[in-house]
Each structure stands twice: as structure tokens, then as C-alpha cells.
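Using the numbering used here, you'd call the opening residue of the sequence shown number 21 and step up by one each time.
All C-beta atoms, glycine included, are put in the ideal place defined by N, C-alpha and C.
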Amino acid sequence: MGKNNRINEQTTVQNQSDEDQKVENCKEIILKVYMHCEGCSDKVFDCLQGFDGVEEIKMDRANSKVVVKGEKADPIKVFERVQKKYSRNVELLHPKPKPSGEKKQEPEKKEPEPEVNIVILKMYMHCEGCVRDIKKSIVRMKGVFSVEPDMSNSQVTVKGVFDPPKLVEIIKKRLGKHVEIVKEEQVKKERNIEFQRDRKEKCVVYYPPPHLQNVCDCLIFSDENINSCSIM
21 MGKNNRINEQ TTVQNQSDED QKVENCKEII LKVYMHCEGC SDKVFDCLQG
71 FDGVEEIKMD RANSKVVVKG EKADPIKVFE RVQKKYSRNV ELLHPKPKPS
121 GEKKQEPEKK EPEPEVNIVI LKMYMHCEGC VRDIKKSIVR MKGVFSVEPD
171 MSNSQVTVKG VFDPPKLVEI IKKRLGKHVE IVKEEQVKKE RNIEFQRDRK
221 EKCVVYYPPP HLQNVCDCLI FSDENINSCS IM
């Protein structure tokens, strides 16, 4: 009997220590809530009682504080619960919500400038009509800048931003001719910049001369009219 009593005492002490440890491990959530009467404190208590994870509620009306304990209680959810059911004027004192860090703007990755290729293709051309058709068809292809056919050597020099093997496949499909790559090279960056600048410089815009309208007859030969007849 004595042994059984000792075992029971040890188990009760162990259970009590486990319960104390659980209480210590419980999360403590402190809210600042304005409560001016017992009715207000009862309302706050009712809205938190039985809420997910809430195990214990302590009301401190004098200091306008509510202490919520619970191992699985979510501080944000408890805070939002009081805001929704009681008042919007609620502050979460503990634990402090982590500031939502602004996402750092990642620097835009600059895509490498496409390199200009110069490709010499071997194509059979027996007349000026073939030369004209080949040039007209290749110039319309995506990425092609210029086409220079050489009928005497049966060669076509193509310059632009493209993949040479793909260009050859497209030419074969569209023209139905046998095409071979004789020479292939990439334009250096400096030459590429000069080539792009030359293309821009060649684009010249012309505007028509201004047309004089609605001029009164009495001002046609007047000295005040800058567009009057120079002979006068």
C-alpha cells in the first residue's frame, strides 16, 4: 500500500509539473482594447471564448488590456476577431506584427543586343528574273537587312539578325532551290553600331513646301507680304 501511495504521489506531481509547463509554453497575446464598463469587457470575453486556439482570457479593464493565452492561438486571427466583433479601435501589443518588407525591385536584366550576321549562300541563278525573285523573297524574311546577289558566282550575300541554318531552311521551302552556306561571319559590335547608324542616316524625311492660302488680293503686291512677288 505504501508503494502505491508513493507512485500515486509521484504521478500527481508529474502531471502537475506537466500542466505548469504547458501553461508556461502557451502563447501569450496582449491586446489593447478600450473597455469603459463591465458590459464591454463581457462582450470582448464572449467574442474570444471558444475561438480557435484560445485557452485562457484575462481582462484588465483598468489598463485597457486583454491577455489571451493559447498554444495554438494565432495573434493575427485573434486581433482580427476582436476588430470584427467588438471594435475597430484595437491594437496588438504582443507579439508585434512583423513589418511587411517591401519587395526589392530586381534590376531589369538587359537582353544582349542581337549580333548581325553576314552569310554568303550558294544558289544557282540562270537569269535576271531568278536574281530578282530571290532578292525580293529573302528581303521580306524576318531579321534580314540587305541582300546582294552575285549571278556570275551564283552567290547571295545576306546581312541581318537571324539564325543562318533556319534561314537556309526557309529559303529552301519558299523558293524550292538548293542552298548551301559558303561563308558565315558575325559583325563586330563596333561595326554593328556603325551599320545601324548608317541605316538610320539613310532614312531622310522630306516635307512639301508650305502652300500659301487665303491671301487677300490687296496684299499680293504689298511690301508687308513676305510672299509677294519679288519683281515688284
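Buried versus exposed call for residue i [16 or more other C-beta atoms within 10 Å across all chains shown]
i    : result
Y54  : exposed
L113 : exposed
R108 : exposed
Y106 : buried
I201 : exposed
I154 : buried
P95  : buried
Beta-carbon separation (whole angstroms), residue i vs residue j, contact threshold 8 Å
i    : j    : result
I158 : V139 : Their Cβ separation, rounded to whole angstroms, is 10 Å, which puts I158 and V139 out of contact at 8 Å.
K52  : K78  : Contact doesn't hold; Cβ gap of about 14 Å is too wide.
G90  : E75  : 4 Å
V176 : L141 : 5 Å
G73  : K92  : 4 Å
V87  : D80  : 7 Å
Rounded separation between residue i and residue j - CA only
i    : j    : result
P185 : E133 : 20 Å
K197 : I191 : 7 Å
V167 : K156 : 9 Å
E205 : M143 : 18 Å
A82  : G59  : 14 Å
K193 : R160 : 14 Å
D183 : S172 : 26 Å
K162 : D170 : 22 Å
I49  : G70  : 15 Å
V181 : L187 : 10 Å
L68  : V102 : 7 Å
P115 : K47  : 9 Å
L195 : R152 : 12 Å
K97  : P127 : 36 Å
S61  : K129 : 57 Å
C147 : V207 : 31 Å
C150 : V199 : 14 Å
Extent of the continuous beta strand (DSSP E) to which residue i belongs
i    : result
P169 : 164-170
Q175 : 175-180
V139 : 137-142
V53  : 47-53
Where residue i falls: helix, strand or coil (DSSP)
i    : result
Q41  : Because the pLDDT of Q41 is 47, which lies under 50, any placement of that residue in the model is unreliable, and the number read from its coordinates should be weighed accordingly. The answer is helix: DSSP assigns Q41 an H, G or I state.
Q69  : coil
G90  : strand
K197 : coil
D80  : strand
K129 : coil
V202 : strand
V159 : helix
K116 : coil
E100 : helix
V64  : helix
V74  : coil
V207 : coil
H146 : coil
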